[in-house]
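To keep things clear, I will list the structure first and then write my remarks on it.
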Amino acid sequence: MALTAEKIEEIKKKLISTSPEKQQEKLQEIVANLTEDEIADLQKALSGSQCPFCSMVEGQIPVKKVYEDAQVMAILDINPANKGHTLVFPKNHASIMSQLDDKTINHLFKIVNKISIALFESLGVEGTNILIANGKAAGQTSPHVLVNVIPRSKGDQVSIGWEPMKISEKEMSEIQQKIIHKTKEIKSTDEVPVIRSSCPSDEVKVIKTRKRIPTGNFF
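Per the numbering used here, the sequence shown starts with residue 262, numbered consecutively.
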């Protein structure tokens, strides 16, 4: 049985009323109750649908904006972990962090830090969590890269953590070597010497630009 136009419109309204980073999860719930023919109809109806965060950038979805510049936008999460929970994201579409260039990443995290400071000063919070779910296995449900800035206060109900795993010294060393093997592939195109104030003779190199490996869309 085909989906009616009314049913499709109802589904779209449900998705729009859901927090953008939860829309993929909500869509999966809806699809689970549809037949194959209905799923095909829904796919056709949504095929022209844009990423919700890109729609926000274009002003097609109303948001509570707290900051915007040429590269980045910051909005209040409509389903916050705490009051003031802010989502910061690049205006240009990218699904995961490796699709962003260094300039955008640098600016993104500069603004994330400014937003964090603003939360301290405006809301009197005692701390912030800066969180990114980068990839589906890491819990990413948004089709667009975003950074969560979550205000924290003593005794709040926000729970963030994991169970520490046991790992042997041998395995730790093996993992270390695997990572080192890959980090050696990072090519510096612009190295600038930096002198530490505490040890003027100790010169270190700061990598300004990195060569990135292109990756596909995870969603």
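The C-beta atom is built at its ideal place from N, Cα and C for all residues, glycine as well.
Query	Result
Whole-angstrom distance between R413 and E319, CA atom to CA atom	31 Å
Which of helix, strand or coil DSSP assigns to L252	Summary: the structure shown does not reach residue 252, with the chain confined to residues 262 through 480, and so no result is reported for it.
Segment contact, 8 Å Cβ cut-off, at least three pairs: the stretch 362-374 with the stretch 321-340	yes
Length of the line joining the Cα atoms of T389 and T347	10 Å
Assigned secondary structure, T265 (DSSP; H/G/I helix, E/B strand, else coil)	coil
Nearest residue (CA-CA) to S420, options I428, K427, I411, M426	I411
Simplified DSSP state of L361, which is helix, strand or coil	coil
Helix, strand or coil at V410 [DSSP, three-state]	strand
Stretch pair the stretch 388-405 + the stretch 350-361: three plus CB contacts closer than 8 Å	yes
Backbone secondary structure at V292 - three-state DSSP	helix
Alpha-carbon spacing of N353 relative to C315, whole angstroms	8 Å
Beta-carbon proximity check, P404 vs P313, cutoff 9 Å	yes
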